[in-house]
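Order-wise, the sequence lines are chains A and B. Quick note on our numbering: the first sequence kicks off at 1 and runs consecutively. Quick note on our numbering: the second sequence kicks off at 1001 and runs consecutively. Just below is one structure, and these are the notes that go with it.
Protein chains: 2
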Amino acid sequence: MGATMSTVTVTRTRKRPEERRAEILDTAAAIALEQGLERITLRAVADRLNVAPGLISHYFPVADDLVVEAFAAAATAERAQLFAASGTPVQRLAQFIVRVEDARSRDMARLWLNARHLSRIRPAIGEALAAQEELDRLQLSEIIDAGVASGDFPTREPFAACVRIFIAVDGVGSYVNDTASFEHAAYEHFVTDTAEWALGVAPGTLHEAVSARQ
Amino acid sequence: MGATMSTVTVTRTRKRPEERRAEILDTAAAIALEQGLERITLRAVADRLNVAPGLISHYFPVADDLVVEAFAAAATAERAQLFAASGTPVQRLAQFIVRVEDARSRDMARLWLNARHLSRIRPAIGEALAAQEELDRLQLSEIIDAGVASGDFPTREPFAACVRIFIAVDGVGSYVNDTASFEHAAYEHFVTDTAEWALGVAPGTLHEAVSARQ
DNA sequence: AACGTTGTTGGTCACTTGGCCAATGGCCTA
DNA sequence: TAGGCCATTGGCCAAGTGACCAACAACGTT
């Protein structure tokens, strides 16, 4: 009987390995988004799934690996949202900006901030971070190149523009955890402003496109 | 003799309360800069000072308070460095940018990133963060206002320019923990570029001033 | 020189974490 | 359908944390 009278023997269900693994990953990603990467613990994940902690260890022998993969999964899912647009390059870029600045992206911004800090002490997260950044740059560069080709974006340094836009995104994202995020036009439209400046488009062009898509 | 044979009885020295308190704060700030705010523990600080953990508790009954005050102390010290310049507004701003982008500021950038993330779960850090940001804005605004008055900065929105410059600083600072911080001109000069754009000065003006002060 | 104040000490406590293990029982295969 | 593989269980462990405490000793006061 051991030390504890186990309360109720739950019906234990056995799932297909891939399915269970994906389930664990999704749960870990959800915890990361809601509470932060540090809160991904064997018990936290196990509790959400009504499962024993040991089972998580079974699929992820090293807890760190689960954290890294959960971040990658969340970032990948978010990227699919950010770049799921069609239309002209201006419209696609505007849609990207709308979604980046949308309130629903706040959780994701928190997660990025989280990962950026954590990569200080956990090299594996740093690698995953760099990989995700690279993928994001590829997506945005694709839009920018299309705009340069179509003549919408006069810039002569498309990659530099891409880099600048992401710095703007990350800069604004820095304040996502501020309690009293004070409202100021310079904050709210910084990404749009930076994009116009970096791409060399006439001021107001992107603002219009962004407003139209909001 | 109890459970442990104490190795060597160190001569215990008694310092003036203010002195001891400052010493603890400095040590905590040093730990924060080198290893992060999470590593400020009673034992970590105590060990550095060759003192018992209980003593730290004596001066900071709540460990959180020590963390918050250590961050504020580090930020205050850094601000003194960043804005310790004389000359024309352009020169002072250039000096600020040089120091922000200097390699020696990397530790401090890590600390800011650290605090920004931590404020997600620790409101007290968020408050300290907001307070330090406010002080930084005051300092930079003072320079900008002087530049506007002297006619060096044509901008009609000095405060917006200040906000934009700090977003640029924080955006670049986001990557401070990247393992392979890839070198790119758009990265390295982003703050200078943004400042020129936000202040409405002719492109190249600030770059020259920055180069001259490096 | 005796005394009270208080800085300082080592140790304990309750709690959480990641990693580990033997036992159990559901599922697939022969 | 019988057997074996392995997903799953539940509890244990050492390590690390912040908070706390009673006793000790250095200091300033009288």
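A virtual CB, placed ideally from N, CA and C, is assigned to each residue, including glycine. Since the structure is predicted, the reported quantities are computational estimates derived from the model, not experimental observations.
| Check | Outcome |
| --- | --- |
| Check whether the Cβ atoms of A/H189 and B/L1113 sit closer than 8 angstroms, and answer yes or no. | no |
| Buried or exposed, going by whether 16 or more other CB atoms sit within 10 Å of the CB of B/G1126? | buried |
| Do the region 143-158 of chain A and the region 1141-1159 of chain B touch if we need at least three Cβ pairs shorter than 8 angstroms? | no |
| Let's test the definition: count the other Cβ atoms within 10 Å of the Cβ of A/S86 and tell me whether it reaches 16, buried, or not, exposed. | exposed |
| If you pair each beta-carbon of the region 21-30 of chain A with each one of the region 64-72 of chain A, do three or more pairs fall below 8 angstroms? | yes |
| Is it buried or exposed, B/L1093, if we count other Cβ atoms within 10 angstroms and call 16 or more buried? | buried |
| Return yes when the Cβ of A/L66 is within less than 8 angstroms of the Cβ of A/I97, no when it is not. | no |
| Do the CB positions of B/F1166 and B/D1136 come within less than 8 angstroms of each other? | yes |
| How is B/H1117 classed by DSSP in three states: helix, strand or coil? | helix |
| Relative to the C-alpha of B/P1089, which candidate in B/S1119, B/L1055, B/M1108, B/S1141 has its C-alpha closest? | B/S1141 |
| Under 8 angstroms between the Cβ atoms of B/V1163 and B/V1100? | no |
| What ranges does the alpha helix (DSSP H) occupy inside the region 1091-1163 of chain B, keeping only unbroken runs of at least 4 residues that lie completely in it? | 1106-1118, 1123-1150 |
| Around the C-beta of A/I56, are 16 or more other C-beta atoms found within 10 angstroms, so that it is buried, or is it exposed? | buried |
| Do you know how far the Cα of A/T205 is from the Cα of B/H1207? | 28 angstroms |
| Anyone know if the C-beta pair for B/L1129 and B/A1109 falls short of 8 angstroms? | no |
| Got a sec: is the Cβ-Cβ distance from B/L1082 to anything in chain A below 8 angstroms? | no |
| How would you call B/S1105, buried or exposed, if buried means at least 16 neighbouring beta carbons within 10 angstroms? | buried |
| With B/D1193 as the anchor, note down where its alpha helix (DSSP H) starts and where it stops. | 1190-1199 |
| Express the C-alpha separation of A/R12 and B/N1035 in angstroms, rounding to a whole number. | Looking at the sequence itself, residue 1035 of chain B is Gln, so the reference to Asn does not match. Looking at the two C-alpha atoms, the distance is approximately 44 angstroms. |
| For B/G1171 and chain A, any beta-carbon pair shorter than 8 angstroms? | yes |
| Where do the ends of the alpha helix (DSSP H) carrying A/I40 lie? | That residue, A/I40, is in no alpha helix (DSSP H); it is neither H nor E in DSSP. |
| Quick one: is B/V1265 buried, meaning 16 or more other Cβ sit within 10 Å of its Cβ, or exposed? | Any answer about residue 1265 of chain B is impossible in this case: the structure gives chain B only from 1001 up to 1214. |
| Assign A/A52 to one of three DSSP states: helix, strand, or coil. | coil |
| Please list, in chain order, the residues of the region 149-169 of chain A that have any C-beta partner in chain B closer than 7 angstroms. | A160, V163, R164, I167, A168 |
| Pick helix, strand or coil for B/P1221, following the three-state DSSP scheme. | In the structure as shown, chain B starts at 1001 and stops at 1214, and residue 1221 of chain B therefore has no counterpart that could be examined. |
| Have a look at A/A195 and A/D102 and give me their C-alpha separation to the nearest angstrom. | 17 angstroms |
| Alpha carbon to alpha carbon, what distance is there between A/F83 and A/P17? | 31 angstroms |
| Of the residues A/A212, A/H184, A/Q139, which one's Cα is nearest the Cα of A/T76? | A/Q139 |
| Which residue wins for smallest C-alpha separation from A/P123, given the options B/Q1132, B/G1173, B/T1179, B/G1054? | B/T1179 |
| Would you decide whether B/A1131 is buried or exposed? Buried here means 16 or more other CB atoms lie within 10 Å of its CB. | exposed |
| Shorter than 8 angstroms from the beta carbon of A/G113 to some beta carbon of chain B? | First, the amino acid is wrong: residue 113 of chain A is Leu here, not Gly. Yes, A/L113 lies at the interface with chain B (some Cβ there is under 8 angstroms from its Cβ). |
| Per DSSP, what kind of secondary structure is B/Q1081 in: helix, strand or coil? | helix |
| Are the C-beta atoms of A/V8 and some chain B residue less than 8 angstroms apart? | Bear in mind that a pLDDT of 44 at A/V8, under 50, signals an unreliable position, so the model cannot answer this. |
| Report yes or no: is there a C-beta of chain B within less than 8 angstroms of the C-beta of A/A180? | yes |
| For B/L1199, which option in B/L1042, B/A1161, B/H1058 has the closest C-alpha, if you only look at C-alpha atoms? | B/A1161 |
| Under 9 angstroms Cβ-Cβ, which residues of chain A neighbour B/P1123? | T179 |
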